[in-house]
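One gets this note's numbering by counting positions in the sequence shown from 1 and adding 10 to each. Cβ coordinates follow ideal geometry from the N, Cα and C atoms, glycine included. Predicted, not measured: the structure shown is a model, and the values here were computed from it. Working notes, beginning with the structure itself.
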Amino acid sequence: MADTQSDQNIQVVHGTNGGYRQHLKSRTRACLACSDANARYQRARKILTGKVTTANLPITTVAALLEPGVDVPALLAEALTGEVLDAIEIRVAQLKGQADA
Ligand SMILES: [Zn+2]
């Protein structure tokens, strides 16, 4: 959840990649929410550019996926966040398009 706070007269929207950049610009230590948002942004970018080809799931999530009757799409959506899932969908579509061509 993003929230705003004035850090040294710079409006920081915490929990976003823009907020992370504002932390850098204002030379304040990035809060956990902004650091997490930047990590998700970077991960999504690396997936989109093909620099990363794995989903990097925590082993507890992998174990949960192996349980019978688990809601796999819901569990993956919870584990990967929207922007990373979106990046995976886009990248897979790109790779399928290359395979079809
Ligand atoms: Zn922040």
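Next item on the list: Please state if the CB of residue 60 and the CB of residue 44 are separated by a distance shorter than 8 Å.
Entry: No, Cβ-Cβ distance for residue 44 and residue 60 is not below 8 Å.
Note to self: What would DSSP say about residue 17, mapped onto helix, strand or coil?
What the structure shows: With a pLDDT of only 48 at residue 17, under 50, the local geometry of the prediction cannot be trusted, and the value read off the model is given with reservation. Looking at residue 17 - three-state DSSP - the assignment turns out to be strand.
Check: Within 7 Å: the Cβ of residue 28 and any heavy atom of ligand 1?
Finding: no
Next item on the list: Determine the burial state of residue 48: buried for a count of at least 16 other Cβ atoms within 10 Å of its Cβ, exposed for fewer.
Entry: buried
Item checked: Check: residue 22 C-beta below 7 Å from any heavy atom of ligand 1 -> Inclusion of residue 22 in the 7 Å shell around ligand 1 follows from its C-beta lying nearer than that to a non-hydrogen atom of the ligand.
Check: Residue range of the alpha helix (DSSP H) that residue 29 falls in?
Finding: 27-35
Checklist line | residue 62, DSSP secondary structure in three states | finding: coil
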